[in-house]
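Here the sequence shown stands for residues 23 to 129, numbered as in my numbering.
Below is one structure, written out as structure tokens; the observations come after it.
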Amino acid sequence: MDHLQTPRILAPHLSNFQHKLVRILGKVVELRGETAVIDAGGNVDVILNRDCHLAVGHAVEVIGKVDGNLHVKVQAATDFGTNIDFNAVQAVVEATHRHREIFYDAD
23 MDHLQTPRIL
33 APHLSNFQHK
43 LVRILGKVVE
53 LRGETAVIDA
63 GGNVDVILNR
73 DCHLAVGHAV
83 EVIGKVDGNL
93 HVKVQAATDF
103 GTNIDFNAVQ
113 AVVEATHRHR
123 EIFYDAD
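Take a look at the structure:
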């Protein structure tokens, strides 16, 4: 049975995941109508859908597809509030890539 994989990434990983579905957790730093900027180990431009309700200063987990311009087109977004340890997030992402065979298929 195939399961939809959403590897956890940060901004520096974007280029390795073009045209793939990913999961990225960052802090909302700017809202601009139908787009936003999140800080996930660097700024990431996200293209919002109408179900996104983001707040500047809040952590958000985005599941979306990385496009050719390294923007993430949001399919789902979850507000995680303001009490997130981003050092822990970074450690989890690094472990995910260090042991990727456990977390996702390389192709």
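Glycine residues also receive a C-beta, built at the ideal position from the N, C-alpha and C atoms.
Helix, strand or coil for Thr118? Go by DSSP, reduced to three states.
helix
What's the C-alpha gap between Ala77 and Thr104?
10 Å
With which residues is Glu83 paired in a DSSP beta bridge?
Leu47, Thr100
Go through its chain and collect everything with a Cβ distance to Leu47's Cβ below 6 Å, but skip five positions before and after it.
Glu83, Val111
Any heavy atom of the ligand ADP inside 6 Å of the beta-carbon of Leu26?
The ligand ADP is not part of this structure, which contains no ligands at all.
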